[in-house]
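Step one of this worksheet: look at the structure below.
Chains as they are written, first to last, in the working numbering: chain A, 478 to 746; chain B, 101 to 184.
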């Protein structure tokens, strides 16, 4: 059963407490979607539509804001400047310093793309966080992986980059330290970057849909109404929690990318 | 299911399958990060109380520390789905 079908069968209303049907627990099946329409051999599904929509919103917003910049900013330009300066002062500058301003366009568009993709979780009709499909996270992480390797080779040279991985330490601890550092840069950093964003969105969507389905399921003319009220309260609570988590995860992704790039740019051990 | 463990208690019989053990595993996986996140935020608050003028810088590292700790719990969360 796909997400659409599960939602439709839950909304059709047959399934309530004491009506003889079990709790339709949300699970992995809620993350698979039917094809919405087909372009050639490309089957477009809901997450793809949402991802493209988010990209278009980000592009159009910054295009409108900065297409013809003026000394006295208009309404959209002020908003755009607030967004950019916020990313600069909270994410890029603390990690990369002044010279990191070259990365500002990249990091800020990354931040707002991920933020919008996450917020799609809470917007009615959309109601699906794009980043809870790992297929959307992995290409992003691949970009970041290539970026910080490329930047490291460019600034420190081929051998120098590998040398800079290992901090100064007594010689006897090196056999332990070198494998750990190699593991960290090659596997752990990109893996945790991907898993963190993916699993947060996955868990959030699952949590939200569990309480929403539970509210519907418990709402029968019986003692269940009391529990349904409790479940409905949890829906609002989890909604606010997810709002925090969405912003936090976009922030952390951008911050960690900046800090990995900073690692490649300087000898900070 | 060959690996299923049957629990018989007070006349009721319920079956623990591998997919249920995933939830148990997540509970175990959340212990360490729970303690860790508590330490991260606790020490960050302590540091900010000692030196309020450095709170901006402390918060930066606090969120990074939070993210790194939380990753472990999340790996525990998705592992049952991966191996189910």
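Backbone N, C-alpha and C define an ideal beta-carbon position, used for all residues, glycine too.
None of these values were measured; they are calculated from a predicted model.
| Query | Result |
| --- | --- |
| Listing by chain order, which chain B residues have their CB less than 7 Å from the CB of residue 729 of chain A? | 163, 167 |
| Quick check: what's the CA-CA separation for residue 677 of chain A versus residue 722 of chain A? | 8 Å |
| Would the stretch 705-715 of chain A count as touching the stretch 593-600 of chain A if we require 3 or more Cβ pairs under 8 Å? | no |
| With 7 Å as the limit, tell me which residues of the stretch 556-583 of chain A have their beta carbon closer than that to any beta carbon of chain B; keep them in chain order. | 571 |
| Pull up the distance between the alpha-carbon of residue 173 of chain B and that of residue 167 of chain B, whole angstroms please. | 10 Å |
| Below 7 Å on C-beta distance, what does residue 181 of chain B contact in chain A? | 505 |
| Pull up the distance between the alpha-carbon of residue 732 of chain A and that of residue 702 of chain A, whole angstroms please. | 44 Å |
| Within its chain, find whatever has a CB closer than 6 Å to the CB of residue 612 of chain A; leave out the 5 residues flanking it on each side and keep chain order. | none |
| If I measure Cβ to Cβ from residue 624 of chain A and keep anything under 7 Å in the same chain, skipping five residues before and after, which residues do I get? | 738 |
| Do residue 671 of chain A and residue 615 of chain A have their C-beta atoms within less than 8 Å of each other? | yes |
| Counting only beta-carbon atoms, is residue 171 of chain B nearer than 8 Å to chain A? | yes |
| Does the distance between the C-beta of residue 630 of chain A and the nearest non-hydrogen atom of the ligand GTP fall short of 7 Å? | Of the ligands one can find in the structure shown there are none, so the ligand GTP has no counterpart to examine. |
| Given a cut-off of 8 Å, decide if residue 741 of chain A and residue 632 of chain A are closer than it, judged by their beta-carbon atoms. | yes |
| Write down the C-beta distance between residue 667 of chain A and residue 618 of chain A rounded to the nearest angstrom, noting that I regard them as a contact closer than 8 Å. | 5 Å |
| Going by DSSP, which residues form a beta bridge with residue 516 of chain A? | A:519 |
| Would you say the stretch 493-506 of chain A touches the stretch 688-697 of chain A, given that touching needs at least three Cβ pairs under 8 Å? | yes |
| Does any residue of chain B bring its CB to less than 8 Å from the CB of residue 664 of chain A? | no |
| Decide if the stretch 538-557 of chain A is in contact with the stretch 635-643 of chain A; the criterion is three or more beta carbon pairs, one per stretch, under 8 Å apart. | no |
| How many angstroms separate the CA atom of residue 121 of chain B from the CA atom of residue 584 of chain A? | 40 Å |
| Quick one: is residue 174 of chain B near chain A, going by C-beta distance under 8 Å? | yes |
| Where does residue 153 of chain B land, buried or exposed, given buried means 16+ other C-beta within 10 angstroms? | exposed |
| Would residue 609 of chain A count as contacting chain B if we go by Cβ distances under 8 Å? | no |
| Quick one: list the residues of chain B neighbouring residue 741 of chain A, beta-carbon separation under 7 Å, in chain order. | Near residue 741 of chain A there are no residues of chain B at all, since even the closest Cβ is about 17 Å away, more than 7 Å. |
| DSSP on residue 167 of chain B, reduced to helix/strand/coil? | helix |
| Under 8 Å by Cβ, that's how I've got residue 178 of chain B and residue 679 of chain A pegged, so tell me the actual separation to the nearest angstrom. | 7 Å |
| For the stretch 675-686 of chain A, which residues have a CB atom closer than 7 Å to at least one CB atom of chain B, in sequence order? | 676, 677, 679, 680 |
| Would you verify that the beta carbon of residue 135 of chain B is, or is not, closer than 8 Å to some beta carbon of chain A? | no |
| If you compare alpha carbons, which of A:568, A:506, A:535 is closest to residue 591 of chain A? | A:535 |
| So residue 682 of chain A and residue 606 of chain A are supposed to be a Cβ contact under 8 Å. How far apart are they, rounded? | 5 Å |
| Does any CB atom of chain A fall closer than 8 Å to the CB of residue 160 of chain B? | yes |
| Name the two residues that bound the continuous alpha helix (DSSP H) containing residue 673 of chain A. | 666-695 |
| Is the CB of residue 141 of chain B under 8 Å away from at least one CB in chain A? | no |
| Return no unless some Cβ of chain A is closer than 8 Å to the Cβ of residue 178 of chain B. | yes |
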